[in-house]
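*Asks:* I am attaching a structure below and will ask some questions about it afterwards.
2 protein chains.
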Amino acid sequence: MKVLPTALQQAIEAFRALPGIGPRSAERYAYFLLKNNPNIAKKISGSISDLHDNIDYCPKTYALIEKGQKYSELYTNSKRDKTVVAVVAEPFDVLAIENTGNFNGTYHVLGGLISPIDGVGPDELTITQLFKRVFDDNVKEIILATNASVEGESTALYIQKQFDNSDVLITRLARGLPIGIDLEYADQITLTRALEGRQSI
Amino acid sequence: MKVLPTALQQAIEAFRALPGIGPRSAERYAYFLLKNNPNIAKKISGSISDLHDNIDYCPKTYALIEKGQKYSELYTNSKRDKTVVAVVAEPFDVLAIENTGNFNGTYHVLGGLISPIDGVGPDELTITQLFKRVFDDNVKEIILATNASVEGESTALYIQKQFDNSDVLITRLARGLPIGIDLEYADQITLTRALEGRQSI
Numbered sequence: 006m007k008v009l010p011t012a013l014q015q016a017i018e019a020f021r022a023l024p025g026i027g028p029r030s031a032e033r034y035a036y037f038l039l040k041n042n043p044n045i046a047k048k049i050s051g052s053i054s055d056l057h058d059n060i061d062y063c064p065k066t067y068a069l070i071e072k073g074q075k076y077s078e079l080y081t082n083s084k085r086d087k088t089v090v091a092v093v094a095e096p097f098d099v100l101a102i103e104n105t106g107n108f109n110g111t112y113h114v115l116g117g118l119i120s121p122i123d124g125v126g127p128d129e130l131t132i133t134q135l136f137k138r139v140f141d142d143n144v145k146e147i148i149l150a151t152n153a154s155v156e157g158e159s160t161a162l163y164i165q166k167q168f169d170n171s172d173v174l175i176t177r178l179a180r181g182l183p184i185g186i187d188l189e190y191a192d193q194i195t196l197t198r199a200l201e202g203r204q205s206i
Numbered sequence: 006m007k008v009l010p011t012a013l014q015q016a017i018e019a020f021r022a023l024p025g026i027g028p029r030s031a032e033r034y035a036y037f038l039l040k041n042n043p044n045i046a047k048k049i050s051g052s053i054s055d056l057h058d059n060i061d062y063c064p065k066t067y068a069l070i071e072k073g074q075k076y077s078e079l080y081t082n083s084k085r086d087k088t089v090v091a092v093v094a095e096p097f098d099v100l101a102i103e104n105t106g107n108f109n110g111t112y113h114v115l116g117g118l119i120s121p122i123d124g125v126g127p128d129e130l131t132i133t134q135l136f137k138r139v140f141d142d143n144v145k146e147i148i149l150a151t152n153a154s155v156e157g158e159s160t161a162l163y164i165q166k167q168f169d170n171s172d173v174l175i176t177r178l179a180r181g182l183p184i185g186i187d188l189e190y191a192d193q194i195t196l197t198r199a200l201e202g203r204q205s206i
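Chains as they are written, first to last, in this note's numbering: chain W, 6 to 206; chain E, 6 to 206.
Dropping the structure here:
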């Protein structure tokens, strides 16, 4: 016997397509929308259907831009130094660095990290486009700002090797103790890196 | 400087309206939809916008039904015993009991539980409609199948009191040890209830 209406079942199934949402959460979200003001459902539905139509990728930095915009503001703004490029994996990494308020270079979004297990090789990323930018914009420094994970490190290594014979300065984000952590709780690798990278004060 | 396109920001805000979704999860869901096939976004968007238009409440049981359907199948089906009514808080509770495959009575969905702190009194629930059903269908037994929470217990108590002077049998779901639990891990209230409700074997 049918207990839930088709429309509710479909909404539950649709929510389950999102990463990390299980059956209970999907039921909860669908029923929340059904029980509350239809305007909430309309707002979510509308904003989701607008997503692909209104967003584009900047052809220089591969950051997200409004449809119709030519380049990312983070590239065209005169205050940004085009000769310093922070290479990141995903658009939200740009947001994280921008939120520090301490970077006035430009970005290059790879669109992922090299991960053979997921079938992502260098050709799936915007690495060729990075070479072109280095040439076009006369880039002096590339900051490898990838995650401190296996994929992040191997992607950084791969890019670094490609620039072995060029005179572009390749740097990467410092590894060390995050602010606020107790020494005794730091893992061995972090502590080793913090020792290796110790600075005179 | 604007880092994320408006459409993406709106989708993130919309997801945050759902219960228990924080900023990181909202970003993750919105970016997942943007990065993947537009059909996934279309499917979610469509199913959410369809929700209110295609779902109605059964005017007898207050379970969810398809728009255009008159009563819930769980009420009209000839195999269901209309004189036994399980009173539950929400539509998903109906699903939970149906999944046991061991109940052939009908349901009455209250639409919530009495909770003064949230401003929900008896008048916000379908209790008056339950009285009418008891009369119309000549109900013999009401099973109070509300949650074993403070709100669930006080709602059950309230309904039970309303039927003090009638000859309808009022029962409630047994309290006791859930299957598979070790005695030493059972909380005191559960164990007390299990002792009080002990059965001869």
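Every residue gets a Cβ at the ideal spot worked out from N, C-alpha and C, and that includes glycine.
#1: What is the rounded straight-line gap between the Cα of Leu56 (chain E) and the Cα of Asn44 (chain E)?
#2: Let me know the beta strand (DSSP E) ranges lying completely inside the stretch 45–127 of chain E, each 3 residues or longer, listed in chain order.
#3: Does Gly157 (chain W) have its Cβ less than 9 Å from a Cβ in chain E?
#4: Just to confirm, are Lys7 (chain E) and Glu78 (chain W) a CB contact at a threshold of 9 Å?
#5: Taking the continuous alpha helix (DSSP H) assigned at Leu149 (chain E), which residues delimit it?
#6: Do Leu196 (chain W) and Leu2 (chain W) have their beta-carbon atoms positioned less than 9 Å apart in this structure?
#7: Can you check whether the C-beta of Leu115 (chain W) is within less than 9 Å of a C-beta belonging to chain C?
#8: Rounded C-beta distance between Lys145 (chain W) and Val92 (chain W)? I'm assuming under 8 Å.
#9: Of the residues W:Gln165, W:Ile186 and W:Leu69, which one's Cα is nearest the Cα of Thr176 (chain W)?
#10: By how many angstroms is the C-alpha of Asn59 (chain W) removed from the C-alpha of Glu32 (chain W)?
#11: Against Ile119 (chain W), what residues of chain E qualify as contacts under a CB-to-CB distance less than 7 Å, listed in chain order?
#12: Using alpha carbons as the reference points, say which of E:Ala94, E:Pro96 and E:Tyr112 lies closest to Asn82 (chain E).
#13: If we define contact as Cβ-Cβ less than 9 Å, is Ala24 (chain E) a contact residue for chain W?
#14: Give me the residue from E:Gly202, E:Asp192 and E:Ser54 with the minimum Cα distance to Tyr36 (chain W).
#15: By how many angstroms is the C-alpha of Ala68 (chain E) removed from the C-alpha of Leu69 (chain W)?
#16: What residues in the stretch 82–108 of chain E have a beta carbon less than 9 Å from any beta carbon of chain W?
#17: Counting pairs of beta carbons, one from the stretch 106–125 of chain W and one from the stretch 141–157 of chain W, are three or more of them closer than 8 Å?
#18: For Arg180 (chain E), which of helix, strand or coil comes out of DSSP?
#19: Would a check of beta-carbon distances place Gln204 (chain W) closer than 9 Å to chain E?
#20: Thinking just about the alpha-carbon of each residue, which of W:Ser30, W:Ile194, W:Arg29 and W:Phe20 is nearest to the one in Ala46 (chain E)?
#21: Quick one: does Thr131 (chain W) have its CB under 9 Å from some CB of chain E?
#22: Residues in the stretch 35–49 of chain W with C-beta within 8 Å of chain E's C-beta atoms, listed in sequence order?
#23: Should Leu9 (chain E) be flagged as near chain W, meaning a C-beta pair shorter than 9 Å?
#24: I want to verify the contact list: residues of chain W whose CB lies under 8 Å from the CB of Asp55 (chain E), in sequence order.
#25: Note the first and the last residue of the continuous alpha helix (DSSP H) segment covering Leu200 (chain W).
#26: How would you list, in chain order, the residues of chain W whose beta-carbon sits under 7 Å from the beta-carbon of Ala168 (chain E)?
#27: Which class does Leu130 (chain W) belong to by DSSP, given the choice of helix, strand or coil?
#28: Going by DSSP, what residues sit across from Glu174 (chain W) in a beta bridge?
#29: Short of 7 Å in beta carbon distance, which residues of its chain neighbour Ala191 (chain E), apart from the five on each side in sequence? Order them along the chain.
#30: Hey, how far is the Cα of Phe140 (chain E) from the Cα of Ser30 (chain E)?
#31: CA-CA distance, Gly124 (chain E) and Gln204 (chain E)?
#32: How would you call Pro102 (chain E), buried or exposed, if buried means at least 16 neighbouring beta carbons within 10 angstroms?
#33: Please name the residue in E:Asp142, E:Ile206 and E:Glu18 whose C-alpha comes closest to that of Val173 (chain E).
#34: Use the C-beta contact count for Glu95 (chain E): other C-beta atoms within 10 angstroms, 16 or more gives buried, fewer gives exposed.
*Replies:* The structure says:
#1: Your numbering for residue 56 (chain E) matches position 51 in the second sequence. Your numbering for residue 44 (chain E) matches position 39 in the second sequence. When rounded, the distance between both Cα atoms is 18 Å.
#2: 60–62, 69–71, 86–93 and 110–114
#3: Stepping through the first sequence from its first residue, residue 157 (chain W) is reached at position 152. No - not a single Cβ of chain E is within 9 Å of the one on Gly157 (chain W).
#4: Mapped onto the second sequence, residue 7 (chain E) falls at position 2. Mapped onto the first sequence, residue 78 (chain W) falls at position 73. Contact flag set, yes.
#5: On the second sequence, residue 149 (chain E) is found 144 positions in, with the first residue counted as 1. Premise fails: Leu149 (chain E) lies in the beta strand (DSSP E), Glu146 to Leu149, not in any alpha helix (DSSP H).
#6: Residue 2 (chain W) lies beyond the residue range present for chain W, which begins at 6 and ends at 206; the question has no answer from this structure.
#7: Here chain C cannot be found, since the structure's protein chains are W and E.
#8: As a first step, residue 145 (chain W) is located in the first sequence; it is residue number 140 there, counting from the start. As a first step, residue 92 (chain W) is located in the first sequence; it is residue number 87 there, counting from the start. Wrong, their Cβ atoms sit about 14 Å apart, outside the cutoff.
#9: The residue labelled residue 176 (chain W) in the question sits at position 171 within the first sequence. With distances taken between Cα atoms, Thr176 (chain W) lies closest to W:Gln165.
#10: Translated into positions along the first sequence, residue 32 (chain W) becomes position 27. Translated into positions along the first sequence, residue 59 (chain W) becomes position 54. Taking the Cα positions, Glu32 (chain W) is about 29 Å away from Asn59 (chain W).
#11: Taking the first sequence and counting its residues from 1, one reaches residue 119 (chain W) at position 114. Neighbours of Ile119 (chain W) in chain E, taken as residues at a C-beta separation under 7 Å, are lacking, since the least C-beta distance is about 17 Å.
#12: What you label residue 82 (chain E) is simply residue 77 of the second sequence in a count that begins at 1. For the set E:Ala94, E:Pro96 and E:Tyr112, the Cα lying nearest the Cα of Asn82 (chain E) is the one of E:Tyr112.
#13: Here residue 24 (chain E) refers to the residue found at position 19 of the second sequence. The question names Ala, but residue 24 (chain E) in the sequence shown is Pro. For Pro24 (chain E), the answer is yes, since a Cβ of chain W falls inside 9 Å of its Cβ.
#14: Indexing the first sequence from 1 puts residue 36 (chain W) at position 31. It is E:Ser54 whose Cα lies nearest to the Cα of Tyr36 (chain W).
#15: By one-based count along the first sequence, residue 69 (chain W) stands at place 64. By one-based count along the second sequence, residue 68 (chain E) stands at place 63. Near 44 Å, if we compare the C-alpha coordinates of Ala68 (chain E) and Leu69 (chain W).
#16: Asn82, Lys84, Arg85, Glu95, Pro96, Phe97, Val99, Leu100, Glu103 and Asn104
#17: yes
#18: The count along the second sequence starts at 1 and reaches residue 180 (chain E) at position 175. Residue state, collapsed to three classes: coil.
#19: As a working note, residue 204 (chain W) is residue 199 in the first sequence. It does not: the Cβ of Gln204 (chain W) has no partner Cβ on chain E nearer than 9 Å.
#20: Indexing the second sequence from 1 puts residue 46 (chain E) at position 41. Residue W:Phe20 is the option with its Cα nearest to Ala46 (chain E).
#21: Against the first sequence, residue 131 (chain W) aligns to sequence position 126. So, not an interface residue.
#22: Ala35, Tyr36, Phe37, Leu38, Leu39, Pro43, Ile45, Ala46, Lys47, Lys48 and Ile49
#23: Start at 1 with the first residue of the second sequence, and residue 9 (chain E) comes out as number 4. Chain W, which has a Cβ nearer than 9 Å to the Cβ of Leu9 (chain E), makes this yes.
#24: On the second sequence, position 50 is the one that residue 55 (chain E) refers to. By Cβ distance, chain W contributes Ala12, Gln15 and Ala16.
#25: Working through the first sequence from its first residue, we reach residue 200 (chain W) at position 195. Counting along the chain, the alpha helix (DSSP H) containing Leu200 (chain W) begins and ends at Gln193 to Glu201.
#26: Taking the first residue of the second sequence as 1, we reach residue 168 (chain E) at position 163. Strictly speaking, residue 168 (chain E) in this sequence is Phe, with Ala absent from that position. Under the 7 Å cutoff, chain W gives no residues; its nearest Cβ is about 27 Å from Phe168 (chain E).
#27: Counting from 1 along the first sequence, the entry for residue 130 (chain W) is found at position 125. It is coil, neither helix nor strand.
#28: Against the first sequence, residue 174 (chain W) aligns to sequence position 169. It is Leu, not Glu, that sits at residue 174 (chain W) in the sequence shown. For Leu174 (chain W), which the question treats as bridged, DSSP gives the partners W:Glu146.
#29: Working through the second sequence from its first residue, we reach residue 191 (chain E) at position 186. Listed in chain order, the non-local C-beta contacts of Ala191 (chain E) below 7 Å within the same chain comprise Leu182, local neighbours out to five positions each way being set aside.
#30: For the purposes of this step, residue 140 (chain E) is taken as residue 135 along the second sequence, with counting starting at 1. For the purposes of this step, residue 30 (chain E) is taken as residue 25 along the second sequence, with counting starting at 1. Their backbone Cα atoms lie some 49 Å apart in a straight line.
#31: Working through the second sequence from its first residue, we reach residue 124 (chain E) at position 119. Working through the second sequence from its first residue, we reach residue 204 (chain E) at position 199. If you take the alpha carbons of Gly124 (chain E) and Gln204 (chain E), they lie about 39 Å apart.
#32: For the purposes of this step, residue 102 (chain E) is taken as residue 97 along the second sequence, with counting starting at 1. Residue 102 (chain E) is actually Ile in this sequence, not Pro. Label assigned to Ile102 (chain E): buried.
#33: Numbered from 1 along the second sequence, position 168 holds the residue referred to as residue 173 (chain E). Minimum Cα-Cα distance from Val173 (chain E) among the listed residues E:Asp142, E:Ile206 and E:Glu18 corresponds to E:Asp142.
#34: On the second sequence, position 90 is the one that residue 95 (chain E) refers to. Buried.
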